[in-house]
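Asks: Structure incoming, see below.
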Amino acid sequence: MMKSLTVTNFAVVEHLDLEFGPGLNVFSGETGAGKSILVEALGLALGDRADAGKLRAGAERADITAVFDVSNNPAAAALLAEHGLD
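Here you go:
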């Protein structure tokens, strides 16, 4: 389960910390509110290729961090352990 998403200097986002609760979490908002930017950021955290054009104007680098809890998924925890990740 994804616990949090942190986005810094990506597209128009200077800094954003999102904490997710258990169950269904929904991104909702008007056109132009940034929902697609959050989905793109999540894609990058999961391995999509970055595009330098998405760097926030004036920033030297962007940072996107997703935190997952795999404690209830032994197969995922074992796979991460095999690769030296926790």
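All the letters of the sequence shown, read from the start, carry residue numbers 194 to 279 under my numbering.
A virtual CB, placed ideally from N, CA and C, is assigned to each residue, including glycine.
Can you say whether V200 is buried or exposed, counting buried as having 16 or more other CB atoms within 10 angstroms of its CB?
Replies: Result: buried.
Asks: Measure the C-alpha to C-alpha separation of A250 and A259 and round it to an integer number of angstroms.
Replies: The alpha-carbon atoms of A250 and A259 are separated by roughly 23 Å.
Asks: Any idea what DSSP makes of S197, helix, strand or coil?
Replies: S197 falls in the strand class under three-state DSSP.
Asks: Considering E207, what are the terminal residues of the beta strand (DSSP E) in which it resides?
Replies: First-last of the beta strand (DSSP E) with E207: V206 to E212.
Asks: If I follow the unbroken alpha helix (DSSP H) through A270, where does it start and stop?
Replies: Its alpha helix (DSSP H) spans residues P267 to E275.
Asks: Using 8 Å as the Cβ pair cut-off and three pairs as the minimum, do the stretch 194-209 and the stretch 258-277 touch?
Replies: Yes: the two stretches touch, three or more of their Cβ pairs being nearer than 8 Å.
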